[in-house]
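Order-wise, the sequence lines are chains A and V. So that you can map any letter, position 212 of the first sequence is 589 in our numbering, and since no number is skipped, the others follow by simple counting. So that you can map any letter, position 369 of the second sequence is 422 in our numbering, and since no number is skipped, the others follow by simple counting. Backbone N, C-alpha and C define an ideal beta-carbon position, used for all residues, glycine too. Nothing here was measured: the structure is a model prediction, and the numbers come from that model. Written out below as structure tokens is the structure these notes cover.
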Amino acid sequence: MTGPSAEEQGPERVRPRDRRRVRWPLLAVVVVLGLLLTLTTQLERAAPTGTGVAPVEGLAPPLLDTPVRCTRTDDARRLAELRAGLRPDGRLTSAIATACPRLLDGVDVVYVGEVVGDVLRRDGGAWVQVNDDPYALTVGPFGPHRQREGFSAGLAVWLPDGLHEGLGPPGRYGRRGDVVRVTGVLRRADPDDAGGLTVRADTLEVLASATTVDEPLHRPLVAAAGTAALVALAAWGWARGRARRRAR
Amino acid sequence: MSTVLRPDVGDLRLIGFYLGKVLGGLGLVMLAPVPVALAGGEWNAAAALVLGASVSLTARWLGDAFLETRRALSWAHGMVIVALAWIVGSAFAAIPMHVTGRFSSPLATYFEAVSALTTTGMSVIHDLDHLEASMTLYRHLLQIAGGLGIIIVILALFSAGGSRVGTLYVSEARDERILPNVLRTSRFIARVTLAFLVASLAALVPALLSAGFSLARAVEHALALFLASFSTGGFSVMQASVGYYHSTAVELIVMLLMFAGMLSFALHHALWSRDLRECVEHVETRTLVVLGSGLLVLLTLGLVREGTYDTLGALVRRGLFTLVSAVSSTGHQVNAGETYLTDWGVLAPAVLVGAMAVGGMASSTAGGIKVLRVALAFKGVVHDIRRFLLPESAVVVTTYHVGRRRILRPETARAATTALLLFILSFLLGTMTALLTEDVDVTEALFEGVSVGSNIGISIGVVTPDLSPALQAVYVLQMILGRLEFVAVLVLVGYLLSFRRGSRALGGRPRADQR
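The structure is reproduced here in structure tokens:
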């Protein structure tokens, strides 16, 4: 018995069974991806929290509650108006400095933040990156806690010799660096840094010393990783076995 | 009658098999930073990386066990596999990052993974400056894997599939086979990368030591700088990007690396073979020199007019570095992003937008429309004008040099113009969505839309961890479209539609490629 010829069957004819055969693998892929998303999200939520760092106390309020953005077309009058609105004993923040670099160009400022990364000692001083984001001043480095507070943010500070020698280890993973209070001059386009936005420090005071912040071991994650590694090894063995059998 | 064939189980098997190979390659990328994590006591990061690697390698080995097939790869398969490699591969690459909890949502993590693999370099990570060293390395390794092309990495590592994967190579937005054999081409690319790695470490480590780094940190930062610069990815160890180093020497070396990353691998081969004539005559070299010089003059004019910088040194270091970063599509920054808006005036950011749109050379690690397409589209316009001006009987021939002197055919010029148009549509999509969903003005929206669509990564401040999900999704689409230069993704869409609308093979008989 012979079936219909190709011409009789026609190219548009589709057997529902074939369509189902294609659908199942696609559905399986979607389900696997969904399971992966669920598993990883659950693991992310199950992360334990540890003891963080205490918020830095006694901080002066920022010069402005909300940074005001200015542009190069703003004239001296607008800048003067903005300066009149600054809090007299307020501290500079990196958000204010980048939102309007000309506002405080060449002005004496107070800046508070955590020394992060490295202390780059050279040429009669040291460059440090001083962050004033919430990870530096309030909640501490991410890891022991899970509060998401946005980007790391800060300013480059030049510390002449005599100011940087007493600094502790800078902040990195597992450690909050020294929180320092710097007084100095803000430079919009520092000629000694080829036009960078910097603070040239005159004085430095360590408000909180560098401290380690241990991220607790995420046991469910370790267990999941171990299990997944065993499954991967089993899959490897299986694949090798099948390849050998095929080769025979 | 539709002429598109409905994919069957055999097609899915083939696609799944090669996709598994790519996921396996990504699994190895995840395993690479594990020793760093263990050495640094970063236990949770180590577990996250092992988890991601295990899942990816399981997918690969299950594919090997159950999906191996002798069916030939067609062009459609190649395109679909490559598009899926980036879309699904990014999802797998996101696993270690997702479990660390440093991202606002699964979509944000996916954004980060896509940004890394497409070498865009935009980031939505929380608290980068306290990130584990192993995770920092992982993000950078993803960029070099993506920059060289995931397929290339797999080819170089496993020699997977031999000549059958030639279609994958071309599908991955690479149309130049430098050597006759795709495998040899991929190995040449790996050799070039290795040579640049050694040279850049030899240059960067002393530069970083003299900048004040300890030896261990100098090696760590030098490796990261190489991976992010040569891949034209633009991720950085610190949020302050390259501005963190305050070092002319470091900036100069990074500029050279970005420039090297922007060059097509065909030009690398010409340089490697000391074929200087090819380098000089190549249409992209000439266009880049003219275009780059023009953009540099305009940028300098813009900065001088605004009085942004007082000294020539500042003008060169900040201006030239940012321009090279934009043209090469790397995205390294020496200024805080917002200052492009608040301190650079109008002309200079506009020049950056133009530079970012053009991007680097074709068949390089760079993104953007590509210098070659801009050159061909321009030559096409000049060709048409000449045809109108000359007598009708005159035969107008326009040529260009890529490997050899070639005649510009109408379909070549049309393809370049079409790609150019598609890129512009992508830029507009990102810009419009930003205007709809964020509190930004048109300058910011356009700057960021072009930066994302061209896989650049210089940010004016729109991309933050608080970015709206709608804009994140659109930026993800833009990044993938830009990296694959549209065709592979559009073929994937067509392929998916053909599940519903395509016609079956005649009479259910096996097709020629199935026998």
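Q | Strand pairing of Pro537(A), partner residues [DSSP] | A | As a working note, residue 537(A) is residue 160 in the first sequence. DSSP lists Gly502(A) as partners of Pro537(A).
Q) Does DSSP put His8(V) in a helix, a strand or coil? A) Residue 8(V) falls outside the range modelled here, since chain V spans only 54 to 568, and no answer is possible.
Q) Whose CA, out of Arg467(V), Val89(V), Val177(V), lies closest to the CA of Glu165(V)? A) Residue 165(V) sits at position 112 when you count from the first residue of the second sequence. It is Val177(V) whose Cα lies nearest to the Cα of Glu165(V).
(Q) Against chain V, does Pro432(A) count as a neighbour if the rule is that its beta carbon must be under 8 Å from one of theirs? (A) Mapped onto the first sequence, residue 432(A) falls at position 55. No - not a single Cβ of chain V is within 8 Å of the one on Pro432(A).
Q. Taking only beta-carbon atoms, is Asp570(A) less than 8 Å away from chain V?
A. Mapped onto the first sequence, residue 570(A) falls at position 193. Yes, Asp570(A) lies at the interface with chain V (some Cβ there is under 8 Å from its Cβ).
Q: Please confirm whether Val303(V) and Ala367(V) have their CB atoms less than 8 Å apart.
A: By one-based count along the second sequence, residue 303(V) stands at place 250. By one-based count along the second sequence, residue 367(V) stands at place 314. Their beta carbons are not under 8 Å apart, which means Val303(V) does not touch Ala367(V) by this criterion.
Q. With a CB to CB cut of under 6 Å and the five nearest residues on each side skipped, what residues in its chain are close to Leu463(A)?
A. The sequence position of residue 463(A) within the first sequence is 86, counting from 1. The answer, listed in chain order, is Leu440.
Q: Would you mind working out which of Thr428(A), Ala601(A), Thr418(A), Gln419(A) sits nearest Thr588(A), comparing C-alpha positions?
A: The sequence position of residue 588(A) within the first sequence is 211, counting from 1. Closest option to Thr588(A), Cα to Cα, is Thr428(A).
Q.
Suppose you measure from the CA of Val559(A) to the CA of Glu582(A); what does that come to, to the nearest Å?
A. Locating residue 559(A) in the first sequence gives position 182, where the first residue counts as 1. Locating residue 582(A) in the first sequence gives position 205, where the first residue counts as 1. When rounded, the distance between both Cα atoms is 7 Å.
Q | Whole-angstrom distance between Thr338(V) and Pro388(A), CA atom to CA atom | A | Within the first sequence, residue 388(A) is the residue found at index 11, counting from 1. Within the second sequence, residue 338(V) is the residue found at index 285, counting from 1. Reliability of the predicted coordinates at Pro388(A) is poor, the pLDDT of 44 falling under 50, and the value obtained from them is presented with this limitation in mind. When rounded, the distance between both Cα atoms is 50 Å.
Q. Can you list, in chain order, the residues of its chain whose CB lies under 6 Å from that of Glu592(A), leaving out five sequence neighbours each side?
A. The residue labelled residue 592(A) in the question sits at position 215 within the first sequence. So the list reads Gly520, Pro521, once near-sequence residues are dropped.
**Q.** C-alpha distance - Leu540(A) paired with Arg371(V), whole-angstrom precision
**A.** Indexing the first sequence from 1 puts residue 540(A) at position 163. Indexing the second sequence from 1 puts residue 371(V) at position 318. Distance between the alpha carbons of Leu540(A) and Arg371(V): 28 Å.
Q. Should Gln386(V) be labelled buried (16 or more other beta-carbon atoms within 10 Å of its own) or exposed?
A. As a first step, residue 386(V) must be located in the second sequence, where it is residue number 333. So Gln386(V) counts as buried.
Q.
My output table needs one value for Gly561(V): the three-state DSSP class, helix, strand or coil.
A. Within the second sequence, residue 561(V) is the residue found at index 508, counting from 1. Summary for Gly561(V): the model assigns pLDDT 42, below 50, so the residue's position carries little reliability; its value from the coordinates is reported in the next sentence. Helix, per DSSP.
Q: Give, in chain order, every unbroken run of the beta strand (DSSP E) that is at least 3 residues long and sits entirely within the region 421-506 of chain A.
A: 485-499
Q.
Please return the same chain residues whose Cβ sits closer than 7 Å to the Cβ of Leu120(V), not counting the five positions on each side in sequence.
A. On the second sequence, residue 120(V) is found 67 positions in, with the first residue counted as 1. Here the set comprises Arg66, Gly69, Phe70, Gly73.
Q | Residues bridged to Tyr362(V) [DSSP beta-bridge criterion] | A | To locate residue 362(V), count along the second sequence from 1; it is residue 309. Tyr362(V) pairs with nothing; no bridge assigned.
Q: For Thr162(V), I'd like the list of residues in its chain whose CB is within less than 8 Å of its CB, leaving aside the five on either flank, ordered along the chain.
A: For this step, residue 162(V) is matched to residue 109 along the second sequence. Closer than 8 Å at the Cβ level, and outside the excluded window around Thr162(V), lie Ala147, Met150, His151, Phe156.
Q) Can you tell me whether DSSP reads Asp182(V) as helix, strand or coil? A) What you label residue 182(V) is simply residue 129 of the second sequence in a count that begins at 1. Of the three classes helix, strand and coil, the one that applies to Asp182(V) here is helix, per DSSP.
Q.
My parser needs the beta strand (DSSP E) runs of 3 or more residues fully inside the region 101-186 of chain V; what are they?
A. none
Q.
Can you tell me whether Asp567(A) is helix, strand or coil according to DSSP?
A. Reading the first sequence from its first residue, position 190 is the one you call residue 567(A). Note: Asp567(A) maps to strand in three-state DSSP.
Q. Is the Cβ of Ser586(A) closer than 8 Å to any Cβ of chain B?
A. No chain B appears in this structure, whose protein chains are A and V.
Q. How many Å lie between Leu268(V) and Leu497(A) at the Cα?
A. By one-based count along the second sequence, residue 268(V) stands at place 215. By one-based count along the first sequence, residue 497(A) stands at place 120. Taking the straight line from one Cα to the other gives about 12 Å.
Q. Closer than 9 Å, Cβ to any Cβ of chain A: which residues of the region 381-415 of chain V, in chain order?
A. Val387, Asn388, Ala389, Gly390, Glu391, Thr392, Leu394, Thr395, Asp396, Trp397, Gly398, Val399
(Q) Am I right that Arg426(V) and Leu488(V) are in contact with their C-beta atoms under 8 Å? What's the rounded C-beta distance? (A) Within the second sequence, the letter at position 373 stands for residue 426(V). Within the second sequence, the letter at position 435 stands for residue 488(V). So it is not a contact: roughly 27 Å between Cβ atoms.
Q: Have a look at the DSSP bridge pairing and note the partners of Thr559(A).
A: Counting from 1 along the first sequence, the entry for residue 559(A) is found at position 182. The question names Thr, but residue 559(A) in the sequence shown is Val. Looking at the DSSP assignment, Val559(A) forms a beta bridge with Tyr488(A), Leu581(A).
Q) Counting contacts by CB-CB distance shorter than 8 Å, is Ile148(V) in contact with chain A? A) The residue given as residue 148(V) occupies position 95 in the second sequence. Yes, Ile148(V) counts as interfacial toward chain A.
**Q.** DSSP-derived helix/strand/coil call for Asn97(V)
**A.** On the second sequence, position 44 is the one that residue 97(V) refers to. In this structure, Asn97(V) counts as helix in the three-state DSSP scheme.
**Q.** is_contact[Asp452(A), chain V] using C-beta, thresh 8 Å
**A.** One-based indexing of the first sequence puts residue 452(A) at position 75. False, the Cβ-Cβ gap to chain V never drops below 8 Å.
Q) Are the beta-carbon atoms belonging to Glu421(A) and Gly154(V) less than 8 Å from one another? A) Reading the first sequence from its first residue, position 44 is the one you call residue 421(A). Reading the second sequence from its first residue, position 101 is the one you call residue 154(V). Cβ atoms of Glu421(A) and Gly154(V): closer than 8 Å.
Q. Using 8 Å as the Cβ pair cut-off and three pairs as the minimum, do the region 416-424 of chain V and the region 274-285 of chain V touch?
A. yes
Q. What are the residues of the region 300-327 of chain V that lie near chain A, defined by any Cβ-Cβ distance shorter than 9 Å?
A. Ser300, Thr301, Glu304
Q) For His335(V), which residues from the same chain have a beta carbon less than 7 Å from its beta carbon, with the 5 sequence-adjacent residues on both sides left out? A) Residue mapping note: residue 335(V) aligns to position 282 of the second sequence, counting from 1. Closer than 7 Å at Cβ, skipping near neighbours: Leu320, His454, Val455.
Q: Check the Cβ of Phe266(V) against every Cβ in chain A and list those closer than 9 Å, keeping chain order.
A: Residue mapping note: residue 266(V) aligns to position 213 of the second sequence, counting from 1. Residues of chain A passing the Cβ test: Asp495, Leu497.
Q. Is the region 98-117 of chain V in contact with the region 611-620 of chain A, if contact means three or more CB pairs nearer than 8 Å?
A. yes
Q. Is it a yes or a no for the region 376-385 of chain V touching the region 403-417 of chain V, going by three-plus beta-carbon pairs under 8 Å?
A. yes
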